[in-house]
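In our numbering, the protein residues as written are 103 to 349.
Each residue gets a CB set at the ideal place from its N, CA and C atoms; glycine is no exception.
Shown next, in structure tokens, is the structure this report addresses.
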Amino acid sequence: MCSRREAERLIAGGRVAVNGRVLDSPALNVSPRDVVTVDGAPVAAPEETRLWRYHKPPGRVTTTRDPQGRPTVFDNLPSELPRVISVGRLDLNSEGLLLLTNDGALARHLEHPDTGWVRRYRVRVHGRLEPERLAALDQGVTVEGVRYGPIKAALERQQGANAWLSVALREGRNREVRRVMEHLGWSVTRLIRVGYGPFILGSLPREGVEEVPRRQMRDTLGAAWRSGGGPRRRHGGRPDGPTDGRR
103 MCSRREAERL IAGGRVAVNG RVLDSPALNV SPRDVVTVDG APVAAPEETR
153 LWRYHKPPGR VTTTRDPQGR PTVFDNLPSE LPRVISVGRL DLNSEGLLLL
203 TNDGALARHL EHPDTGWVRR YRVRVHGRLE PERLAALDQG VTVEGVRYGP
253 IKAALERQQG ANAWLSVALR EGRNREVRRV MEHLGWSVTR LIRVGYGPFI
303 LGSLPREGVE EVPRRQMRDT LGAAWRSGGG PRRRHGGRPD GPTDGRR
């Protein structure tokens, strides 16, 4: 129905009730048997979990609302899509594969470093690359006091003062690729995400949206995944098996 922040505002405004009791705090566990209403209207049951591949163009921010009024990735999505959120983010000038889902639990799981999915990029930098310096990134690197984990980087081709390289990493921290390359003295002039775990950009055109088939969802996310309601939970509240908007 809305984002978590928006939900907190609705609760603070006295617009949310559980079993007829108006809430004054979001600190409440609800069960499937409870009736949650907003402004007196029941909240619908969770929809079936769905996932889409989206080809983000440069010049769009990965957020629902931008204080600076810049266009967002959600502005031109097909009208038939439900409310969705992004799995992680791509910064304003980055492009390529962005996963979208209608399930917040799935998004959080796929974003988490513990999931271990590799993010793959094609990167164009300005400067002459030194393969041995790229190879050293496999041991991780510290940039301005921030420690980044192992990064697999390889030179694809050098074209005069510019070079294309392939980069693979698991953490996917904010602007990680740009910061690491700039630390090495190479400014990034283009950054394209071509893969996120088992999902690839492929031939999807810019601003193209394609739903991941249900069978692929099952095969990729494993038997622990169930349609709707997020990943199954083990004792202790951790997701059991695998699980960068609008909600």
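Is the distance from the Cβ of residue i to the Cβ of residue j below 9 Å?
i: T291; j: H228; result: yes
i: V296; j: R155; result: no
i: V138; j: V124; result: no
i: L267; j: E258; result: yes
i: R226; j: V269; result: no
i: L231; j: K254; result: no
i: A209; j: T203; result: yes
i: R172; j: L194; result: yes
i: R117; j: V140; result: yes
i: T281; j: E246; result: Before going on, a small fix: residue 281 reads as Arg here, not Thr. Against a cut-off of 9 Å, the Cβ pair of E246 and R281 comes out as a contact.
i: L212; j: G122; result: no
i: P148; j: D205; result: yes
i: R308; j: P159; result: yes
i: Y250; j: L236; result: no
i: I294; j: L286; result: no
Where do the N-terminal and C-terminal ends of the alpha helix (DSSP H) with residue i fall, by residue?
i: G206; result: G206 to E213
i: E355; result: Limits of the chain in this structure are 103 at one end and 349 at the other, which puts residue 355 out of reach.
i: A114; result: R106 to A114
Use the C-beta contact count for residue i: other C-beta atoms within 10 angstroms, 16 or more gives buried, fewer gives exposed.
i: M103; result: exposed
i: R191; result: buried
i: R152; result: buried
i: E127; result: The residue asked about is misnamed: residue 127 is Ser in this sequence, not Glu. Looking at its Cβ environment, which holds fewer than 16 other Cβ atoms inside 10 Å, S127 is exposed.
i: L201; result: buried
i: V175; result: buried
i: T244; result: exposed
i: D321; result: exposed
i: R221; result: buried
i: V132; result: exposed
i: A325; result: Residue confidence for A325 is low, a pLDDT of 46 falling below 50, so the modelled location carries little weight; the figure read from the coordinates is stated next. By the 10 Å Cβ count, A325 comes out exposed.
i: S196; result: buried
i: D242; result: The question names Asp, but residue 242 in the sequence shown is Gly. Burial call: exposed.
i: H188; result: The residue asked about is misnamed: residue 188 is Ser in this sequence, not His. So S188 ends up on the buried side.
i: D136; result: exposed
i: E278; result: buried
i: G198; result: buried
i: V248; result: exposed
i: R316; result: exposed
i: R107; result: exposed
i: L130; result: exposed
i: A265; result: buried
i: R162; result: buried
Is any heavy atom in the ligand HEM found nearer than 8 Å to the beta carbon of residue i?
i: N204; result: Although the ligand HEM was asked about, the structure shown includes no ligands whatsoever.
Between which two residues does the beta strand (DSSP E) holding residue i run?
i: R155; result: L153 to K158
i: L179; result: Segment: none, L179 is in no beta strand (DSSP E) and carries neither H nor E.
i: L200; result: E197 to T203
i: S133; result: Neither: S133 is in no beta strand (DSSP E) and is coded neither H nor E.
Bridge partners of residue i, per DSSP?
i: A143; result: V140
i: A119; result: V124 and T139
i: V227; result: A265 and V290
i: V189; result: L201
i: T174; result: V163
i: R222; result: A270 and G297
(request) Please list the segments of the beta strand (DSSP E) lying wholly inside the stretch 229 to 315, counting only runs of 3 or more residues, in order along the chain. (result) Fully enclosed beta strand (DSSP E) runs of 3 or longer: 243 to 245, 248 to 250, 253 to 261, 264 to 271, 289 to 298 and 311 to 313.
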